[in-house]
Amino acid sequence: MKKLYCFDFDGTLTYKDTMFMYLKFYDSTKYRIQFLRHVPLFILLKLKLADTEKVKKSFIGSILKGQTQEKIELKSKQFFEQHYPKIVRENALDFIQNIDRNNTQSLLVTASLDIWVKPFAEKLKMELVSTRAEFKNGVFTGNFIGKNCNGKEKLVRIKEEINDSRYDKIIAFGDTSGDKPMLKWANEGHYQFFH
348 MKKLYCFDFD GTLTYKDTMF MYLKFYDSTK YRIQFLRHVP LFILLKLKLA DTEKVKKSFI
408 GSILKGQTQE KIELKSKQFF EQHYPKIVRE NALDFIQNID RNNTQSLLVT ASLDIWVKPF
468 AEKLKMELVS TRAEFKNGVF TGNFIGKNCN GKEKLVRIKE EINDSRYDKI IAFGDTSGDK
528 PMLKWANEGH YQFFH
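Per the working numbering, residue 348 is the first one in the sequence shown, and the count goes up by one each step.
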């Protein structure tokens with residue numbers, strides 16, 4: 348029986364949102380200043396009066412734009428080493444470690460950037476489907492390659508990743524409205540399963 352597992356990352360497998368954690372870890376002084384500057388935008392976001400992708404790009408870019416890929420990757424590795432497995436829900440970790448890897452494909456599907464999620468995906472033995480950071484000449488431009496990997500985009504990206512592969516069963520895990528298209532599409536959609 349061929350299975351496909353699709354796991355959301357932030358909140359589903361982790362206790363916290365890793366975007367804020369990573370940016371604070373990367374440069375706490377810059378983070379504090381930019382967080383305060385972005386508070387009005389975060390409020391508009393909560394009220395659904397601002398575009399998620401634009402606000403996210405602006406906030407991440409305000410801290411990481413112009414930084415070298417080498418430094419970002421080093422910081423991501425350090426971030427992973429400091430926070431794994433502490434930020435991962437224990438029951439989620441148990442579940443993942445007990446997946447029969449024969450005839451099974453596992454995807455980590457996240458709106459978070461590949462920058463800091465990659466080490467987690469590698470450790471959990473999953474292929475990463477995420478929002479992609481754009482680098483030019485080894486420097487982060489502050490832009491994304493393609494769209495923010497959330498909502499319907501998650502499904503678009505999953506389908507690109509599996510590329511016509513057929514599965515007997517597709518099982519998805521999520522915890523927010525951004526995961527609903529993926530959960531509805533799966534044969535088994537689990538909402539807040541590990542909470």
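Think of the CB as a built atom: it goes at the ideal place given N, C-alpha and C, for glycine as much as any other residue.
From a predicted model like this one, the values you see are computed outputs, not experimental measurements.
In this structure, how does DSSP classify L394 when only helix, strand and coil are distinguished?
In this structure, L394 counts as coil in the three-state DSSP scheme.
Hey, quick one: how far does the beta strand (DSSP E) through V456 stretch, first residue to last?
T451 to L460
Bounding residues of the beta strand (DSSP E) (the contiguous stretch that carries H542)
That residue, H542, is in no beta strand (DSSP E); it is neither H nor E in DSSP.
Assigned exposure category for D357 - 16 Cβ within 10 Å defines buried:
buried
D515 to G408 span [Cα, whole Å]
41 Å
Taking all protein chains shown into account, do 16 or more other C-beta atoms lie within 10 angstroms of the C-beta of L383, making it buried, or fewer, making it exposed?
exposed
Do you know whose CA, among F540, S512 and T457, lies nearest T365's CA?
T457
When the distance is taken between beta carbons, is I462 closer than 9 Å to H480?
Per the sequence presented here, residue 480 reads as Ala, with His not at that position. It is a contact, given that the beta carbons lie within the stated cut-off.
Look at the alpha carbon of F491 and the alpha carbon of I419, and state the distance between them as a whole number of angstroms.
15 Å
Cβ pair F427, F467 closer than 9 Å
yes
Using three-state DSSP, classify N490 as helix, strand or coil.
strand
So, helix, strand or coil for L351, using DSSP?
strand
Anticipated Cβ contact below 8 Å, L460 with M473, distance rounded:
So it is not a contact: roughly 16 Å between Cβ atoms.
Outcome for V386 when other beta-carbon atoms lying within 10 angstroms are tallied against a minimum of 16:
exposed
Can you grab the Cα-Cα spacing for the pair K306 / Q425, in whole Å?
What is shown of the chain runs 348 to 542, which leaves residue 306 out entirely.
Where DSSP assigns a beta bridge to S524, which residues make up the other side?
Per DSSP, none; premise fails for S524.
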